[in-house]
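Q:
Number of protein chains: 4
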Amino acid sequence: MANKTAPDSSRRSERSRRAILDASLALVGEVGYDKLTIEGIASRAGVGKQTIYRWWPSKAAVLLDAFTAGVDEDYAQGLPDTGDLTADLKSVLHATVDEFNDPAFQAPYRALAVAGANDEELSRTFVSRLIEPGIRVYADRLRAAQESGEVAADADLRVAAEMLLSPFSQRWLMRTGELTYDFVDTLVDLVMRALRPGSESV
Amino acid sequence: MANKTAPDSSRRSERSRRAILDASLALVGEVGYDKLTIEGIASRAGVGKQTIYRWWPSKAAVLLDAFTAGVDEDYAQGLPDTGDLTADLKSVLHATVDEFNDPAFQAPYRALAVAGANDEELSRTFVSRLIEPGIRVYADRLRAAQESGEVAADADLRVAAEMLLSPFSQRWLMRTGELTYDFVDTLVDLVMRALRPGSESV
Amino acid sequence: MANKTAPDSSRRSERSRRAILDASLALVGEVGYDKLTIEGIASRAGVGKQTIYRWWPSKAAVLLDAFTAGVDEDYAQGLPDTGDLTADLKSVLHATVDEFNDPAFQAPYRALAVAGANDEELSRTFVSRLIEPGIRVYADRLRAAQESGEVAADADLRVAAEMLLSPFSQRWLMRTGELTYDFVDTLVDLVMRALRPGSESV
Amino acid sequence: MANKTAPDSSRRSERSRRAILDASLALVGEVGYDKLTIEGIASRAGVGKQTIYRWWPSKAAVLLDAFTAGVDEDYAQGLPDTGDLTADLKSVLHATVDEFNDPAFQAPYRALAVAGANDEELSRTFVSRLIEPGIRVYADRLRAAQESGEVAADADLRVAAEMLLSPFSQRWLMRTGELTYDFVDTLVDLVMRALRPGSESV
DNA sequence: TGGTAAACGAGACGGTACGTCGAGTCTTGAT
DNA sequence: ATCAAGACTCGACGTACCGTCTCGTTTACCA
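Protein chains in written order, with the UniProt record's numbering: chain A, 1 to 202; chain B, 1 to 202; chain C, 1 to 202; chain D, 1 to 202.
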């Protein structure tokens, strides 16, 4: 299947791998995604270009690895559950507002979102590693609330989670609006109205 | 502000302008945004590269002009109002599902969304010319419904419109899910629950 | 022969003509021949490009006109004739040494010599307007000396004049040696030996 | 002095070097110096432009290398010495007349002469690699003749050599006259008169 | 413990596209 | 009709990176 003999990953230099990942993150923050080059990464990392090409298919893939390296475990413990769904959602989303307003976080994440739009393969990984887990932890928290009767039994929780998250990420990605606590509060309140038991469709 | 003496737009060649815009759209459909080049556009349009650089700052700006040329009037007549908000929303969104599933439409739109993420200036134009008007016509329709008592008086209609549109465009842009009639129906139903009179927050 | 209708030279703007010629000389001194451009001349002269193209076929032709404008009459009065050929030649060549060592003179003259080498048409004009007259005044002075018996009767005076002038201009053009009074004195002395009466070939 | 880190010449591709040199000579013969372009050379040689820019500073430098590649050894054996100076000079110059009247030779040589006039750095190399050795072999032959008493003891042989060569190359370069056997014969005869023993200046 | 094969740093290579400059042509108003 | 101005098509410039390809030079396993 592979036309080139695959490299022997057991002999891979961990030192180079880390240097490349670090250089990528540093550079994307400094010059932006468009001006991020393989040559630049190699030179900053003190590494031969071939070492990058040997292990990654594109600069987007490098960046994706660099970015997801420290993020995977964030979703592990799920959302808090104090028994008050509205309060839990607001508190988590307030934290997320702060995170997405942090410039250091923006550059690589935005770059990946973008790169994914034009690279379907990359997109799959990006979605399954970063976006999908995010949606899922929200859907899971909603399910818990549903089971405790806090949420209407017939609500489509996946779509509900998207109603919560997409307006948020859309505002951020496309700069269609400010990301404020007020905004997410309004959003949560509206969604909660839709999910309230007794609001079932006729 | 301008470092170069601005060109005299009264002497601009309409013929060249159209050729460039047409070539851009054709090419982005054929080769995609990443492989779209200024040289390619110029050559296809039978135009000197300088003529492109004289009037546009980047390939993204060309594409934005090309794309918005025929779209501006789409929002002019607003959304239909048959008196049944749910039905109106579903019918419009069904049409939009079809539009966004059309490959000819996808390439340039996706490209612009992407280009905007990394170019703040371009992003503003993209949002104000394409996205903002879209949100606005939905918000307007909701307002009409609110005035007729079909929607709760205290609902934030702008955020409600985003709850309707963002999950949709997010699925499309990031490929986080299928765009189907079912999906938008579920979406509309959920949002309508949130907006139903009598659902006001306590 | 001309495919375009020739411009009507009676309506030509003398003001523009002078401005173009002046700008050419000024610019060639400032930036050198290679970086001399038609656009630069036009802009400096406050003139449309077309006005230059209308009246001259190339930048070299402009420069040739500019340069020869004030030079033609230099050759009119011929070489001095005090009766002492050797002294006359040395005194004139000393003056020429000074002239050719003047930087203001070098740039355009060198440029024309060069342009001529690759443009046969221009070359003809350059030679017939500038070089040929120079050789001729020397040959004429030699002829006078021959008639007065100061020079051998059988000497080829045209070639003798070239023996005097070519080593000089060669040194200057190709930078093969310094242009000094000593050098031209040596040159004159050697040539005079060849021309001395009684040196006729056997 | 060098602002860019110099390339590692030990890794230079001999194949590319030869292809570039060959293409340069071929093209200058076909299109002339002015229309000779780096892009043209690169494309003809099947080479990236950067490979030319990496090793040469200008098209003139490429051409100089190309031209001198096969010429250096021409001067190695010096001029013939049959004991008859006049005959030796005439026979060599006759050969040179033929060489300079050969169109294949003219284009690059003329181009270099010209390029040198406007590029002092190039000029030095051109002179020291091609012109100076030429003058020197003539001066050497004259010295041999001087030592054997065929030439006056006090004559400046360097200037004498220039008297022989400069009128020749001047005629060729500036097209001030025909290059014929007759011309060089006359030239040699005149110079020989100047050098004849007993012609010493008083 | 020394030999050898892979990965490595470095960077030259053939290419493509960049954004700029100037050439020479063409069009528009003003004189 | 010529002029100043400058937009146009075209071609080349010199630069930046691409992804591929040698080069020695580590490095780590295995004989």
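Note that CB positions come from ideal geometry on N, CA and C, so glycine has one too.
Could you tell me if Tyr-181/D is buried or exposed, where buried requires 16 or more neighbouring beta carbons within 10 angstroms of its beta carbon?
A: exposed
Q: Between Ile-131/A and chain B, is there a C-beta pair that is closer than 8 Å?
A: yes
Q: Of all Cβ atoms in chain B, is any one closer than 8 Å to the Cβ of Gly-29/A?
A: no
Q: Are the C-beta of Arg-136/A and some C-beta of chain B separated by less than 8 Å?
A: Output row for Arg-136/A: interface = no.
Q: Indicate whether the contact test is met: 3 or more Cβ pairs, each with one atom in the stretch 106 to 116 of chain B and one in the stretch 49 to 68 of chain B, closer than 8 Å.
A: yes
Q: So, for Ala-19/B: in the same chain, excluding its five sequence neighbours on each side, which residues have a beta-carbon less than 7 Å away from its beta-carbon?
A: Excluding residues within five positions, the ones whose Cβ falls inside 7 Å are Ala-45, Gly-46, Val-47.
Q: Compare the C-beta of Thr-186/B against all C-beta atoms of chain A and say whether one is closer than 8 Å.
A: Yes - at least one Cβ of chain A is within 8 Å of the one on Thr-186/B.
Q: Does the count of Cβ pairs from the stretch 155 to 162 of chain A and the stretch 173 to 192 of chain B closer than 8 Å reach three?
A: yes
Q: Use the C-beta contact count for Glu-200/A: other C-beta atoms within 10 angstroms, 16 or more gives buried, fewer gives exposed.
A: exposed
Q: Do you know how far the Cα of Arg-124/C is from the Cα of Trp-56/C?
A: 16 Å
Q: Could you pull the start and end residues of the alpha helix (DSSP H) that Ile-52/B belongs to?
A: Annotation for Ile-52/B: the continuous alpha helix (DSSP H) segment containing it runs 49 to 55.
Q: With 16 as the cutoff for other CB atoms within 10 Å, does Tyr-138/B come out buried or exposed?
A: buried
Q: Once the 5 residues before and after Ala-153/D are set aside, which same chain residues still bring their CB inside 8 Å of it?
A: Gln-146, Pro-197, Glu-200
Q: From the beta carbon of Met-1/D, is the nearest beta carbon of chain C less than 8 Å away?
A: Because the pLDDT of Met-1/D is 46, which lies under 50, any placement of that residue in the model is unreliable, and the number read from its coordinates should be weighed accordingly. No, because no Cβ of chain C sits closer than 8 Å to the Cβ of Met-1/D.
Q: Kindly list the residues whose CB is nearer than 7 Å to the CB of Glu-150/A, restricted to its own chain and excluding five residues on each side of it in sequence; keep chain order.
A: Leu-85
Q: Identify whether Pro-80/B lies in helix, strand or coil by the three-state DSSP scheme.
A: Assigned with DSSP and collapsed to three states, Pro-80/B falls in coil, not helix or strand.
Q: In angstroms with no decimal places, state the Cα-to-Cα distance between Val-97/D and Tyr-33/C.
A: Computed Cα separation, rounded: 31 Å.
Q: Closer than 8 Å by beta-carbon distance: list the chain C residues that pair up with Asn-118/D, in chain order.
A: Gly-32, Tyr-33, Asp-34, Arg-110, Ala-111, Val-114
Q: Can you give the Cα-Cα distance for Leu-165/C and Trp-172/C, rounded to whole angstroms?
A: 11 Å
Q: How close, in whole Å, do the beta carbons of Ala-107/C and Gly-29/C come, if the pair is a contact with beta carbons under 8 Å?
A: 5 Å
Q: Please tell me whether Ser-169/D and Gln-170/C are closer than 8 Å, where the distance is taken between their beta carbons.
A: yes
Q: Span of the alpha helix (DSSP H) holding Leu-179/B?
A: Counting along the chain, Leu-179/B sits inside no alpha helix (DSSP H), nor does DSSP assign it H or E at all.
Q: Is the shortest distance between the beta-carbon of Lys-4/C and the beta-carbons of chain D less than 8 Å?
A: Only weak support exists for where Lys-4/C lies, its pLDDT of 49 falling under 50; the value from the coordinates is given anyway. No, its Cβ sits nowhere closer than 8 Å to a Cβ of chain D.
Q: Quick one: is Ala-69/A buried, meaning 16 or more other Cβ sit within 10 Å of its Cβ, or exposed?
A: exposed
Q: In angstroms with no decimal places, state the Cα-to-Cα distance between Ala-23/D and Glu-39/D.
A: Between Ala-23/D and Glu-39/D, the C-alpha separation is close to 11 Å.
Q: So Ser-16/A and Thr-51/A are in contact, right, with Cβ under 8 Å, and what is the actual spacing, rounded?
A: 5 Å
Q: So with Cβ pairs under 8 Å, would you call Pro-167/A a contact of chain B?
A: yes
Q: Kindly give me the distance between the Cβ atoms of Val-188/A and Leu-93/A, rounded to whole angstroms, as I take these residues to be in contact under 8 Å.
A: 7 Å
Q: Does any residue of chain A have a CB that is nearer than 8 Å to the CB of Gln-146/B?
A: no
Q: Is there a Cβ from chain D that is less than 8 Å from the Cβ of Thr-125/C?
A: So, not an interface residue.
Q: Could you tell me which chain C residues have their CB closer than 9 Å to the CB of Gln-50/D, listed as they occur along the chain?
A: Ordered by position in chain C, no residue passes the 9 Å Cβ test against Gln-50/D, which lies about 23 Å from the chain.
Q: Going by other Cβ atoms of all chains shown within 10 Å of its Cβ, with 16 needed for buried, is Thr-82/A buried or exposed?
A: With fewer than 16 other Cβ atoms within 10 Å, it is exposed.
Q: Tell me the DSSP secondary structure of Gly-29/A in three-state form.
A: helix
Q: Would you give the residue range spanned by the alpha helix (DSSP H) that Tyr-138/D belongs to?
A: 132 to 147
Q: Is Ile-135/C near Glu-162/C, with beta carbons less than 8 Å apart?
A: It is a contact, given that the beta carbons lie within the stated cut-off.
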